[in-house]
Amino acid sequence: MSAPKVILHHLNASRSDRIAWLLEELGVEYEIKAYMRLPTRQAPPELKKVAPLGKAPIVQLGDRTIFESGAIVSALLAAFPHPSLEDTPSGDTEFWAHWAEGSFMSHIQGATTVAATTQGFAAGKLGVEVSEEGGKAVLEYGKWYENVYFRSNVQAQLDLVESWLASHPTGFFSGTDKPGAGDVLMFTPLNGFTHGPRAQSGLIVGPQTRTWVERVRARPANQRAHERLHKAEEAAKAKM
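When the letters of the sequence shown are read in order and numbered with the numbering used here, they come out as residues 137 to 376.
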């Protein structure tokens, strides 16, 4: 029986990087279809032709279309088991796989959304009339959300990650010497705090966390994924 065809629908500045890394670790042949964000930072409407919400990443696995990162990771690991990855999910894997999206990314996405909309909302550019006083209040709220709510919550989360890694010298969130689903799902947010848009946030990312990020980035599969995504984005830009 032949392996199902795999297509990764990738949007720039999204969470597709970890899915490409997983596909490379699994040694799976796959196609990348890249999409570029609009000037508004929204995804282009073409993605809604692939999945109803038009959000990326999306993976087509044979006749299945999967558009939730956790579900994508679970489906790929089940379809293509590989000796370089944890075979049976540990309790640690289950925890970090759920925590990555359910707790960690919820704060990051919230801050991203607030930052992206407060200026426009305060200026009355989002379809709602806003008084001058109301606009100032919205801007103050945006500052409070970023500087107080977001920073305090996410620093506590980063401290939790650091403490856990320091007490588990196996090297991965699986609690073993091989990465698992939790590692895949934790890669995007932690990479963002060390090499991405929040690397200059001033939040403290501990040495064990940085070591984990560098360990993952040094894996040949991760480097191949990065190169393939970069080439796919450049090709998509050339067509615009």
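Every residue gets a Cβ at the ideal spot worked out from N, C-alpha and C, and that includes glycine. Here the structure is a predicted model, which is why all the values come from computation and not from measurement.
Distance cut-off 7 Å: residue i Cβ against heavy atoms of the ligand MN
{"i": "GLU282", "result": "Absence of the ligand MN is noted for the structure shown, with no ligands found whatsoever."}
Residue burial classification, residue i (beta-carbon count within 10 angstroms, cutoff 16)
{"i": "GLY238", "result": "exposed"}
{"i": "ASP313", "result": "exposed"}
{"i": "MET376", "result": "exposed"}
{"i": "SER205", "result": "buried"}
{"i": "TRP111", "result": "The requested residue 111 is not part of the displayed model; the chain covers only 137 to 376."}
{"i": "ASN327", "result": "buried"}
{"i": "TRP280", "result": "exposed"}
Reduced DSSP category for residue i - H, G, I as helix; E, B as strand; rest coil
{"i": "THR201", "result": "strand"}
{"i": "GLN178", "result": "coil"}
{"i": "GLU237", "result": "helix"}
{"i": "ALA170", "result": "strand"}
{"i": "VAL142", "result": "strand"}
{"i": "VAL113", "result": "It is not possible to answer for residue 113, since the shown part of the chain is limited to 137 through 376."}
{"i": "LEU189", "result": "coil"}
{"i": "VAL266", "result": "coil"}
{"i": "LEU275", "result": "helix"}
{"i": "VAL297", "result": "helix"}
{"i": "VAL195", "result": "strand"}
{"i": "LEU162", "result": "helix"}
{"i": "LEU221", "result": "coil"}
Distance CB(residue i)-CB(residue j) smaller than 8 Å
{"i": "ALA170", "j": "HIS146", "result": "yes"}
{"i": "LEU221", "j": "PRO315", "result": "yes"}
{"i": "LYS185", "j": "PHE203", "result": "no"}
{"i": "THR345", "j": "LEU294", "result": "yes"}
{"i": "ALA357", "j": "GLU161", "result": "yes"}
{"i": "LEU392", "j": "VAL290", "result": "This structure leaves residue 392 out entirely; the chain is present only between 137 and 376."}
{"i": "ARG360", "j": "ILE168", "result": "no"}
{"i": "PHE231", "j": "GLY163", "result": "no"}
8 Å Cβ cutoff, residue i in contact with chain C
{"i": "ARG200", "result": "Included in the structure is just one protein chain, with no chain C present."}
Cβ separation of residue i and residue j, assumed to be a contact under 8 Å, to the nearest whole Å
{"i": "ALA211", "j": "LEU197", "result": "6 Å"}
{"i": "MET172", "j": "ALA372", "result": "5 Å"}
{"i": "ARG151", "j": "PRO219", "result": "ARG151 to PRO219, Cβ: 26 Å. No contact."}
- Item | Complete alpha helix (DSSP H) runs within the region 302 to 369 (minimum length 4 residues, chain order) | Correct list: 317 to 330, 343 to 353.
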